[in-house]
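Visitor: Taken in sequence, the protein lines are chains A and B.
When you line the first sequence up against our numbering, it's residues 1 to 288, in that order.
When you line the second sequence up against our numbering, it's residues 1 to 284, in that order.
Below is a structure I'd like to ask you about.
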Amino acid sequence: MKELVVISGKGGTGKTSLVAAFAALAKDKVLADADVDAADLHLILDPHVEESHGFESGRTAVIVPERCTQCGLCRDLCRFDAISETFEVDPIDCEGCGVCVYFCPEKAVDFPLNRCGDWFVSDTRFGPLVHARLGIAEENSGKLVTLVRQEAKKIAEEKNLGLILTDGPPGVGCPVIAAIGGAAGLLIVTEPTVSGRHDMMRVTQLAAHFGVPAMVCVNKFDLNVEQAEGIEAFARENGIKVLDRVPFDPVFTRSMVVGQTILEYDERSEAVESVRSIWNQCSEVLGL
Amino acid sequence: MIISVASGKGGTGKTTIATNLALSLDDPLVFLDCDVEEPNAHLFLQADLGRPEIATTPVPLVDENKCTLCGKCGEICQFKAIIVIGETVLPFEELCHSCGGCMEVCPEDAISEKPRELGVIEEGRQNGIRFIHGRLRIGEAMAPPLIKKVRAKAPVDGLTIIDAPPGTSCPVIAAMKGADFILLVTEPTPFGLHDLKLAVGAVRVLGIPCGLVINRSDLGDRKVYEYAQEEGIPILMEIPFERKIAEAYSRGVPVVEAFPEWKERFVRLYQDIQDAAVGKGVPA
Numbered sequence: 001m002k003e004l005v006v007i008s009g010k011g012g013t014g015k016t017s018l019v020a021a022f023a024a025l026a027k028d029k030v031l032a033d034a035d036v037d038a039a040d041l042h043l044i045l046d047p048h049v050e051e052s053h054g055f056e057s058g059r060t061a062v063i064v065p066e067r068c069t070q071c072g073l074c075r076d077l078c079r080f081d082a083i084s085e086t087f088e089v090d091p092i093d094c095e096g097c098g099v100c101v102y103f104c105p106e107k108a109v110d111f112p113l114n115r116c117g118d119w120f121v122s123d124t125r126f127g128p129l130v131h132a133r134l135g136i137a138e139e140n141s142g143k144l145v146t147l148v149r150q151e152a153k154k155i156a157e158e159k160n161l162g163l164i165l166t167d168g169p170p171g172v173g174c175p176v177i178a179a180i181g182g183a184a185g186l187l188i189v190t191e192p193t194v195s196g197r198h199d200m201m202r203v204t205q206l207a208a209h210f211g212v213p214a215m216v217c218v219n220k221f222d223l224n225v226e227q228a229e230g231i232e233a234f235a236r237e238n239g240i241k242v243l244d245r246v247p248f249d250p251v252f253t254r255s256m257v258v259g260q261t262i263l264e265y266d267e268r269s270e271a272v273e274s275v276r277s278i279w280n281q282c283s284e285v286l287g288l
Numbered sequence: 001m002i003i004s005v006a007s008g009k010g011g012t013g014k015t016t017i018a019t020n021l022a023l024s025l026d027d028p029l030v031f032l033d034c035d036v037e038e039p040n041a042h043l044f045l046q047a048d049l050g051r052p053e054i055a056t057t058p059v060p061l062v063d064e065n066k067c068t069l070c071g072k073c074g075e076i077c078q079f080k081a082i083i084v085i086g087e088t089v090l091p092f093e094e095l096c097h098s099c100g101g102c103m104e105v106c107p108e109d110a111i112s113e114k115p116r117e118l119g120v121i122e123e124g125r126q127n128g129i130r131f132i133h134g135r136l137r138i139g140e141a142m143a144p145p146l147i148k149k150v151r152a153k154a155p156v157d158g159l160t161i162i163d164a165p166p167g168t169s170c171p172v173i174a175a176m177k178g179a180d181f182i183l184l185v186t187e188p189t190p191f192g193l194h195d196l197k198l199a200v201g202a203v204r205v206l207g208i209p210c211g212l213v214i215n216r217s218d219l220g221d222r223k224v225y226e227y228a229q230e231e232g233i234p235i236l237m238e239i240p241f242e243r244k245i246a247e248a249y250s251r252g253v254p255v256v257e258a259f260p261e262w263k264e265r266f267v268r269l270y271q272d273i274q275d276a277a278v279g280k281g282v283p284a
């Protein structure tokens, strides 16, 4: 079983639209939405939720006023300035380190588990999907990303499916690190802008750092052909396989508005042709 | 006044709005790029960046001569960042949240702290703008502590514009908390709407007044407009998709530089933000 993770460095490059199109093209796969901060794949795949689970991670300190003598030790020890003058813990600032809990002489600090979000196993018209919803202002998205990928892997093993197709998060931090380890291949979707180029370079460093083989494709390449060529040249120089380009095509937005993949919306569009070619190139690299 | 520009979804034009707003104002201001995973504002502001300052976070350093392997450090650590294995104490520095608990709890005073690199902070100037950004070290997972360090560089008074990271989890909260106004940038598509709702949820948790900029306003549908009306969120600006704007952006040219007629619109946006914020009791 192999996992292809689609990431972008920069947000808004069209990663999720591309993953949805791949979902329509790939056979025998499990889909995973690992962009748990802004999970959007379900908006196109219209999943039928079959299993729903809470996701608990980390703890938050709560000072119980009846037991608190306001000695101030917790405030002195808290490095996150999470405890107010009136001895209330700000749950947003609390890092869940438990130092106040441990040292409170009155045992006045409770330390309940956080429910950070939910994760789901669903059925879609393109096969099983594992997805999640991180609670607002919650942390540990890296752990939720790891969980989504593990569950997708379990399903792939149970159902003997050869591919996991994962929609990854943007950036280069905690969620992306959790999304790429152990993948068979990474597809970096970028756009021909100075920002797209800048972030693509950072994410290729990350791929190299974790030793995951990467491929690059430039979406909306015709908005700046020169920039697209520059990105592709950089990729080649760094041993990254360059795939076909995708033109700027409003078909992506139009299909998204009606909740379809571009293949379902307009099979003959120019964008579909290039996406098909990119998928074939990916399959070849992964040996599918 | 602190204005934080956020978006939920990436790629909606947050950096474009934040940088063009900054370039349109004549008042001196501080611009913080808190999107430390993918800082891009410097590409548009073309600030001359000075020498990078290494940003660090403290992690435990164990003196093996003093350590009796009692294991208390491992018991208090909620992040499994320090454990006793056999005859050694092993800190996992990248998992450490720098709470200082292990050092505090150690009965032998065997733990001190040493700095671990999170990334760098760079500072520069362009016209009247004092520019500061953080750049997360590749392979580094902890964005929020670096964001907090970037924010600590800004003075308390005057105008600060913050370019926030995408999403709604801890890095965004670190870039929005304590702001006087959140300018949310979205696009009128199902993805844009979905992520906007999450971002508004985060803004509501923090209790900060907000307004909306709708980018590529002519691509997509009307649902974002309906949502804004239902929620009582003012739409402060709309930018239609124009290929020439997209092309200028792709070259790193700010909109107000390529099309100076836009400057006036950004000045008006700033006035509207001030009105909206002051209307809600925020000092100008």
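The beta carbon of each residue, even a glycine, is placed where N, CA and C say it ideally should be.
Please read these numbers as outputs of a predicted model, since none were measured by experiment.
1. Output yes or no for whether 8 Å exceeds the beta carbon distance between A/Arg59 and A/Gly117.
2. Can you find a CB in chain A that lies within less than 8 Å of the CB of B/Cys99?
3. Pull up the distance between the alpha-carbon of A/Asn224 and that of A/Glu191, whole angstroms please.
4. Find the residues of chain A that neighbour B/Lys177, judging by a C-beta separation of less than 9 Å, and give them in chain order.
5. Taking Cβ positions only, does B/Glu37 come closer than 8 Å to chain A?
6. Starting from the C-beta of A/Gly259, find all residues in its chain whose C-beta is less than 7 Å away, skip the five residues before and the five after it, and write them out in chain order.
7. Here's the rule: buried if 16 or more other CB atoms are within 10 angstroms of the residue's CB, otherwise exposed. What is B/Val30?
8. Determine whether the beta carbon atoms of B/Leu219 and A/Thr253 lie at a separation below 8 Å.
9. I'd like to know whether the C-beta of A/Cys174 is nearer than 8 Å to at least one C-beta of chain B.
10. Under 8 Å, Cβ to Cβ, is there at least one residue of chain B near A/Lys143?
11. Mind checking which residues open and close the alpha helix (DSSP H) that includes B/Thr15?
12. Ordered along the chain, which non-local residues of its own chain (more than five positions away) have a Cβ less than 6 Å from that of B/Gly13?
13. Rounded to whole angstroms, what's the CA-CA distance from A/Gly211 to A/Ile177? Just pull it up for me.
14. Classify B/Met1 as helix, strand or coil using the three-state DSSP reduction.
15. Under 7 Å Cβ-Cβ, which residues of chain B neighbour A/His198?
16. Tell me whether the segment 54–66 of chain B and the segment 98–107 of chain B touch, counting them as touching only if at least three CB pairs, one residue from each stretch, are closer than 8 Å.
17. Between the beta-carbon of B/Ala110 and the beta-carbon of B/Val62, is there less than 8 Å?
18. B/Tyr249 versus chain A: which residues are under 7 Å apart at the beta carbon?
19. Report yes or no: is there a C-beta of chain A within less than 8 Å of the C-beta of B/Gly201?
20. Out of B/Ile147, B/Gly128, B/Lys223, which has the shortest C-alpha to C-alpha gap to B/Arg135?
21. Of all Cβ atoms in chain A, is any one closer than 8 Å to the Cβ of B/Asp195?
22. Go through its chain and collect everything with a Cβ distance to B/Ala55's Cβ below 7 Å, but skip five positions before and after it.
23. Would A/Asp81 count as contacting chain B if we go by Cβ distances under 8 Å?
24. What is the DSSP secondary structure of B/Ala277, reduced to helix, strand or coil?
25. Is A/Arg202 near B/Ile138, with beta carbons less than 8 Å apart?
26. Name, please, each residue of chain B whose Cβ falls closer than 9 Å to the Cβ of A/Ala137.
27. Report the residue ranges of all alpha helix (DSSP H) runs contained in full by the segment 85–119 of chain A; include only those spanning at least 4 residues, in chain order.
28. Could you tell me whether the segment 259–275 of chain A touches the segment 165–177 of chain A, using the rule of 3 or more Cβ pairs below 8 Å?
29. Return helix, strand or coil for A/Asn224, following the three-state DSSP convention.
30. How big is the Cα-Cα spacing for B/Pro234 and B/Pro39?
31. According to DSSP, is A/Arg197 helix, strand or coil?
32. Determine the extent of the beta strand (DSSP E) in which B/Met176 is found, giving its start and end residues.
33. Excluding the five sequence neighbours on either side, which residues of its own chain have a C-beta within less than 7 Å of the C-beta of B/Leu21, listed in chain order?
34. Give the C-beta separation of A/Val19 and A/Cys74 to the nearest angstrom, bearing in mind that I take them to be a contact with Cβ-Cβ under 8 Å.
35. Of all the CB atoms in chain B, is at least one closer than 8 Å to the CB of A/Ala38?
36. Bridge partners of B/Phe31, per DSSP?
Guide: On the basis of the coordinates in this document:
1. no
2. yes
3. 9 Å
4. Ile92, Asp93
5. yes
6. Leu43, Ile44, Asp46
7. buried
8. yes
9. yes
10. no
11. 14–24
12. Val185, Asn215
13. 12 Å
14. coil
15. Asn40, Leu43
16. yes
17. yes
18. Thr193
19. yes
20. B/Ile147
21. yes
22. Leu118, Gly119, Val120, Ile121, Gly134, Leu146, Lys149
23. no
24. helix
25. yes
26. Thr168, Ser169, Cys170, Val172, Ile173, Gly201, Ala202, Val205, Leu206
27. 99–103
28. no
29. coil
30. 28 Å
31. helix
32. Note, B/Met176: premise wrong, no beta strand (DSSP E); alpha helix (DSSP H) at 170–176.
33. Ile161, Phe266, Leu269, Tyr270
34. That belief does not hold up - the Cβ atoms of A/Val19 and A/Cys74 are roughly 46 Å apart, past 8 Å.
35. yes
36. B/Phe131, B/Ile161
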